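Each number in the working numbering comes from the position in the sequence shown (counting from 1) with 7 added on. Positions of the beta carbon are idealized from the N, C-alpha and C atoms, including for glycine. This one's a predicted model, so the numbers in the text were calculated from it and none came from an experiment. This report concerns only the one structure given below.
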Amino acid sequence: MSRAVNNMPASPRCHRLLLTGAAGNLGKVLRPRLRAHADILRVSDLVDPAPAEQGEEAVACNLADAAAVSELIRGVDAIVHLGGVSVERPFEEILPANVQGIYNVYEAARLHGVNRVVFASSNHVIGFYEQGHTLDANVPLRPDGYYGLSKAYGEHLSRFYFDRYGIQTVCLRIGSSFPEPKDRRMMVTWLSYDDLTDLVVRSLFTPDVGHLIVYGASANRDTWWDNSGAAMLGFAPKDSSERFRAQVEAQPPLPADDPAGRYQGGAFVKAGPFPFPNT
Ligand code: NAI
Ligand code: 15L
Numbered sequence: 008m009s010r011a012v013n014n015m016p017a018s019p020r021c022h023r024l025l026l027t028g029a030a031g032n033l034g035k036v037l038r039p040r041l042r043a044h045a046d047i048l049r050v051s052d053l054v055d056p057a058p059a060e061q062g063e064e065a066v067a068c069n070l071a072d073a074a075a076v077s078e079l080i081r082g083v084d085a086i087v088h089l090g091g092v093s094v095e096r097p098f099e100e101i102l103p104a105n106v107q108g109i110y111n112v113y114e115a116a117r118l119h120g121v122n123r124v125v126f127a128s129s130n131h132v133i134g135f136y137e138q139g140h141t142l143d144a145n146v147p148l149r150p151d152g153y154y155g156l157s158k159a160y161g162e163h164l165s166r167f168y169f170d171r172y173g174i175q176t177v178c179l180r181i182g183s184s185f186p187e188p189k190d191r192r193m194m195v196t197w198l199s200y201d202d203l204t205d206l207v208v209r210s211l212f213t214p215d216v217g218h219l220i221v222y223g224a225s226a227n228r229d230t231w232w233d234n235s236g237a238a239m240l241g242f243a244p245k246d247s248s249e250r251f252r253a254q255v256e257a258q259p260p261l262p263a264d265d266p267a268g269r270y271q272g273g274a275f276v277k278a279g280p281f282p283f284p285n286t
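If you want it as structure tokens, here you go:
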């Protein structure tokens, strides 16, 4: 079989691939694009992600339910794990979906012999670094809330499952993956859907990734992230936020003292505090 520079097969494909969070924004984008990479694409979400297309299996599953997650992962060869709470919310909402949820995913992966996971982490694990500072994937984490903390937990948990059980994971610290950047911060953090897809496919099929953390951003003019770790995936983003600059910069800038304009995590850094239950 002919191989690309990073040793990814030319037509990468597995038998049964699981996509969690399939009913979400990125799940809807990736679902049709991943179909070409699996004989069977198993799509799952809290809400029923049906109807299943040809070559798909649709399964409603709460990631916090260990028994259900075990059944979800039985028979799967690889997992793209997008499911969970995707914004800053009270800890009580984050805990079952993101913390218990990712534990269930990795325990079930161990039980059923799954050896490759692509985990949708987030730039919010480093959200409290100031904008303009260039960070590589090894900097100490500075999460900007409970959501970012849960993604940090997921990165560490996946590291443990590699060291202890050899399950290989690529953690994608996704910047802002939307049809287009919405503000000045996203001019730096934007990841186009095409670049996201390329990154996910490379993360699934590049051999011997071990445990790898990479940033997910397009080839934007400005960057805060040294993404040299992505070289082993052969990832070279093709899109740029530049074509949106005029429309984004037509918006009024944030006030100089707004923390959303100071920190990499943007407005997430000023979410909360939330009510402390039972007080
Ligand atoms: P989304 O919120 O649209 O999708 C998340 C999906 O997870 C939803 O369909 C939701 O129903 C499902 N979900 C929530 N709790 C669940 C539970 N307990 N059990 C099963 N499913 C559950 O988020 P989006 O934008 O599609 O993001 C996908 C992933 O990528 C998320 O993990 C998010 O944290 C991560 N990410 C996304 C970024 C972006 O720019 N869109 C940036 C950084 C990370
Ligand atoms: C994320 O982690 C969120 O899931 C997404 O909704 C965006 O807010 C993104 O980060 C971002 O930082 O722009």
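Looking only at C-alpha atoms, which of Ser184, Ala274 and Met193 sits nearest to Leu206?
Check the Cα spacing between Leu206 and each of Ser184, Ala274 and Met193: the tightest is with Ser184.
DSSP three-state label for Ser93, please.
Looking at Ser93 - three-state DSSP - the assignment turns out to be coil, as it is neither helix nor strand.
Ala11: buried (16+ other C-beta within 10 angstroms of its C-beta) or exposed?
For Ala11, the predicted structure reports a pLDDT of 47, less than 50, and the residue's modelled location is therefore unreliable. A value from the coordinates is still provided. Classification for Ala11: exposed.
Taking the alpha helix (DSSP H) that Tyr136 falls in, what are its first and last residues?
No alpha helix (DSSP H) holds Tyr136; DSSP gives it neither H nor E.
Hey, which unbroken runs of the beta strand (DSSP E) at 3 residues or more fall wholly within the stretch 110-187?
123-129 and 175-181
For Glu60, does the count of other Cβ atoms within 10 angstroms reach 16, so buried, or fall short, so exposed?
exposed
Can you list, in chain order, the residues of its chain with a C-beta nearer than 8 Å to that of Pro19? Leave out the 5 residues immediately preceding and following it.
Correct list, in chain order: His44, Val208, Leu211 and Phe212.
Quick one: what does DSSP say Arg81 is sitting in, helix, strand or coil?
The three-state secondary structure of Arg81, taken from DSSP, is coil.
Please indicate yes or no: does the CB of Tyr113 lie closer than 8 Å to some heavy atom of the ligand 15L?
No.
Within its chain, find whatever has a CB closer than 7 Å to the CB of Met8; leave out the 5 residues flanking it on each side and keep chain order.
Because the pLDDT of Met8 is 42, which lies under 50, any placement of that residue in the model is unreliable, and the number read from its coordinates should be weighed accordingly. Pro16 and Ala17, listed in sequence order.
Return the chain-ordered ranges of every beta strand (DSSP E) run that is complete within the stretch 195-227 and spans a minimum of 3 residues.
Complete beta strand (DSSP E) runs here, min 3: 218-223.
Select from Tyr270, Gly173 and Cys68 the residue whose C-alpha is nearest the C-alpha of Val124.
Gly173
Using only the heavy atoms of the ligand 15L, determine whether one of them is closer than 8 Å to the beta carbon of Ser93.
With a threshold of 8 Å, the Cβ atom of Ser93 counts as near the ligand 15L, since some heavy atom of the ligand is closer than that.
In terms of residue numbering, what span does the alpha helix (DSSP H) encompassing Arg252 cover?
Arg252 to Glu256
Three or more beta-carbon pairs under 8 Å between the stretch 100-116 and the stretch 249-259, yes or no?
no
Does at least one heavy atom of the ligand 15L sit under 8 Å from the Cβ of His88?
no
Between Phe281 and Pro97, is the Cβ-Cβ spacing less than 9 Å?
yes
Using the Cβ count rule (16 or more neighbours within 10 Å means buried), how would you classify Ser157?
Buried, since its Cβ has 16 or more Cβ neighbours within 10 Å.
By the 10 Å Cβ neighbour count, where 16 or more other Cβ atoms means buried, how is Leu118 classified, buried or exposed?
exposed
Taking the Cβ atom as the reference point for each residue, do Ala144 and Arg180 lie within a distance shorter than 9 Å?
yes
I'd like the span of the alpha helix (DSSP H) that includes Arg40, first residue to last.
Taken as a continuous stretch (DSSP letters only), the alpha helix (DSSP H) holding Arg40 covers Asn32 to Leu41.
Considering just the uninterrupted stretch of the alpha helix (DSSP H) at Glu63, what are its terminal residues?
In this chain, Glu63 is not harboured by any alpha helix (DSSP H); it is covered by the beta strand (DSSP E) spanning Glu63 to Ala67.
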